[in-house]
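Asker: Quick one: structure below, then a few questions.
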Amino acid sequence: MRRRDFLPAVAAAPVFLAQAQPPAAGGSGGRGGFGGSGRGGGRGGPPMPLPPSDVKVAPRKGRIKQGVTAGVFGRLGTLDEQCREAARLGIKGYDLINTPEQWAILKKYGITPTMYQPQAGAGIGNGLNKKENHDRLEAVMNTTLDEAAANGIPNIITFSGTRKGQADAEGADNCVAFLNKVKAHAEDKGVTICMEYLNSKVNHPDYMFDHIAWGVDVMKRVNSPRVKILYDIYHAQIMDGDIIRNIQTNFQWIGHFHTGGNPGRHDIDESQELNYSAIAKAIGDLNYTGFISHEYSPAAGHEPIAVLEKAMEICDQ
Numbered sequence: 000m001r002r003r004d005f006l007p008a009v010a011a012a013p014v015f016l017a018q019a020q021p022p023a024a025g026g027s028g029g030r031g032g033f034g035g036s037g038r039g040g041g042r043g044g045p046p047m048p049l050p051p052s053d054v055k056v057a058p059r060k061g062r063i064k065q066g067v068t069a070g071v072f073g074r075l076g077t078l079d080e081q082c083r084e085a086a087r088l089g090i091k092g093y094d095l096i097n098t099p100e101q102w103a104i105l106k107k108y109g110i111t112p113t114m115y116q117p118q119a120g121a122g123i124g125n126g127l128n129k130k131e132n133h134d135r136l137e138a139v140m141n142t143t144l145d146e147a148a149a150n151g152i153p154n155i156i157t158f159s160g161t162r163k164g165q166a167d168a169e170g171a172d173n174c175v176a177f178l179n180k181v182k183a184h185a186e187d188k189g190v191t192i193c194m195e196y197l198n199s200k201v202n203h204p205d206y207m208f209d210h211i212a213w214g215v216d217v218m219k220r221v222n223s224p225r226v227k228i229l230y231d232i233y234h235a236q237i238m239d240g241d242i243i244r245n246i247q248t249n250f251q252w253i254g255h256f257h258t259g260g261n262p263g264r265h266d267i268d269e270s271q272e273l274n275y276s277a278i279a280k281a282i283g284d285l286n287y288t289g290f291i292s293h294e295y296s297p298a299a300g301h302e303p304i305a306v307l308e309k310a311m312e313i314c315d316q
């Protein structure tokens, strides 16, 4: 199961818990998780090693803090090996890491665990947009907020859920009601709940938060500095486009960014349609202080560290 394939199969995990199983090497998913072992790689055996790279690091402007997800390494290497190379390149954060063992590895290299994705199995639910899930998910959310705060993790991920015939307006009302229940706890703990904006056209059929206007409406009504949008640029391009204008217009409601090339969610270079240099500059010009985390899989035959170095150079605006 790939990083967000749990969304159509909503009975498998709570709304903000994605399956923590990495995709096969070369797959299009950028997210995986490592279970409890501190390993990267795919299922079925130890990962292929990630040898030290001779890729030269360009001087950094450093205006934008950049992070990674597991997929950028092409599923090579242990988490320790990945962090070694990430730190050498100037990476500051690593999204979607699950356990204290893994957080300790990140911190050894001066890397922040920037987006908490708990392991699957902590509860059952099919989305914040369904009232019947709220009591159960409130307890799980509050526990997750406590754990994130105790371990220096600034964000946790959450999802709207799928429609399953539900009207968007009803789903939005239910998401607002739930987030209003937990926002005070998030504010007290200093941890931001980030609801992800995903495409329903290619990757996540029937997902409710598939247009920026829907998410902004929810954020405005919750109106908390600790409830924001995870603006995934790849998904946003598929659904709404107009990336820079939408980021500028809705910036106050955005808490985190993910990158990925479109089409295919591969390298963010000139081989795809998004101009990440211009996008990153626009974000930097808004005095953004959070993270832009790379969430792509290197194209077939591309060396992961070389691709990551180029992605960092493109976004170092």
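In numbering that gives the first Met the number 0, the protein residues as written are 0 to 316. C-beta atoms are modelled at their ideal positions from N, C-alpha and C, and glycine is treated no differently. No experiment lies behind these values; they were computed from the predicted model shown.
(1) Residue range of the alpha helix (DSSP H) that Asn173 falls in?
(2) Would you tell me roughly how many angstroms separate the C-alpha atoms of Ile211 and Ile282, rounded to the nearest one?
(3) Inspect the beta-carbon positions of Pro117 and Tyr93 and report whether they are closer than 8 Å.
(4) Would you give the residue range spanned by the alpha helix (DSSP H) that Leu127 belongs to?
(5) Less than 6 Å between C-beta atoms, sequence neighbours within five positions excluded: which residues of the same chain meet that for Gly170?
(6) Rounded to the nearest angstrom, what separates Gly109 and Tyr275 at their Cα positions?
(7) Please report the straight-line C-alpha distance between Ile232 and Pro45, rounded to a whole angstrom.
(8) Measuring alpha carbon to alpha carbon, tell me which residue in Asn97, Val56 and Pro50 is nearest Ala69.
(9) In terms of DSSP beta bridges, what is Asp94 paired with?
(10) Within this structure, are the beta carbons of Lys188 and Leu144 separated by less than 8 Å?
(11) Kindly indicate the opening and closing residues of the beta strand (DSSP E) around Gly66.
(12) Can you tell me which of the three DSSP states Phe158 falls into?
(13) Measuring straight from C-alpha to C-alpha, what distance separates Arg324 and Ala149?
(14) Report the CB separation of Ala279 from Gln316 in whole angstroms; it is logged as a contact under 8 Å.
(15) Whole-angstrom Cβ separation of Met194 and Gly214, contact assumed at under 8 Å?
(16) Among residues of its own chain, excluding the 5 on either side of Tyr295, which ones have a beta-carbon nearer than 7 Å to its beta-carbon?
(17) Which residues in the same chain have their Cβ closer than 6 Å to the Cβ of Lys369, if we skip the five residues on either side of it in sequence?
(18) Which residues mark the beginning and the end of the beta strand (DSSP E) in which Ile152 is found?
(19) Can you check whether the CB of His293 is closer than 8 Å to the CB of Gln65?
(20) Between the alpha carbons of Gly34 and Pro99, how many angstroms are there, rounded?
(21) Contact criterion: CB-CB distance below 8 Å. Does Asp205 meet it with respect to chain B?
(22) Going straight from the alpha carbon of Pro58 to that of Arg87, what length do you get?
(23) Check whether the Cβ atoms of Gln247 and Leu285 lie closer than 8 Å to each other.
(24) Straight-line CA distance for Ile313 to Asp134?
(25) Roughly how many angstroms separate the alpha carbons of Ser159 and Leu136, rounded to a whole number?
(26) Helix or strand or just coil, what does DSSP make of Phe250?
(27) Can you tell me whether Ile267 is helix, strand or coil according to DSSP?
(28) Could you tell me which of Ile192, Gly76, Thr161 and Glu84 sits nearest to Asn222, measuring between CA atoms?
(29) To the nearest whole angstrom, what separates the beta carbons of Met218 and Ile156, a pair I think is in contact under 8 Å?
(30) Let me know if Gly126 comes out buried or exposed under the rule of 16 or more other beta-carbons within 10 Å of its beta-carbon.
(31) Between the alpha carbons of Leu49 and Gly151, how many angstroms are there, rounded?
(32) For my contact list, Asn154 and Gly254 are in at a C-beta cut-off of 8 Å; report their separation, rounded to the angstrom.
Answerer: So, from the data block:
(1) Asp167 to Lys188
(2) 17 Å
(3) no
(4) Note, Leu127: premise wrong, no alpha helix (DSSP H); not H, not E.
(5) Asn128 and Met207
(6) 26 Å
(7) 32 Å
(8) Asn97
(9) Met114
(10) yes
(11) Lys64 to Val67
(12) coil
(13) With the chain represented from 0 up to 316, any question about residue 324 goes unanswered, as that position is not in the structure.
(14) 4 Å
(15) 6 Å
(16) Gly29, Gly70, Val71, Thr258, Gly259, Gly260, Arg264, His265, Asp266 and Ile267
(17) Since the first residue shown for the chain is 0 and the last is 316, residue 369 is missing from the structure and cannot be characterised.
(18) No beta strand (DSSP E) holds Ile152; DSSP gives it neither H nor E.
(19) yes
(20) Confidence in Gly34 is poor, its pLDDT being 29 and thus under 50, which makes the residue's placement unreliable; the coordinate value appears in the next sentence. In a straight line, the C-alpha of Gly34 is about 11 Å away from that of Pro99.
(21) In summary, chain B is missing from the structure at hand, where a single protein chain is found.
(22) 12 Å
(23) yes
(24) 44 Å
(25) 12 Å
(26) helix
(27) coil
(28) Ile192
(29) Between Ile156 and Met218 the Cβ distance is about 15 Å, and since that is not below 8 Å, they are no contact.
(30) buried
(31) 27 Å
(32) 7 Å
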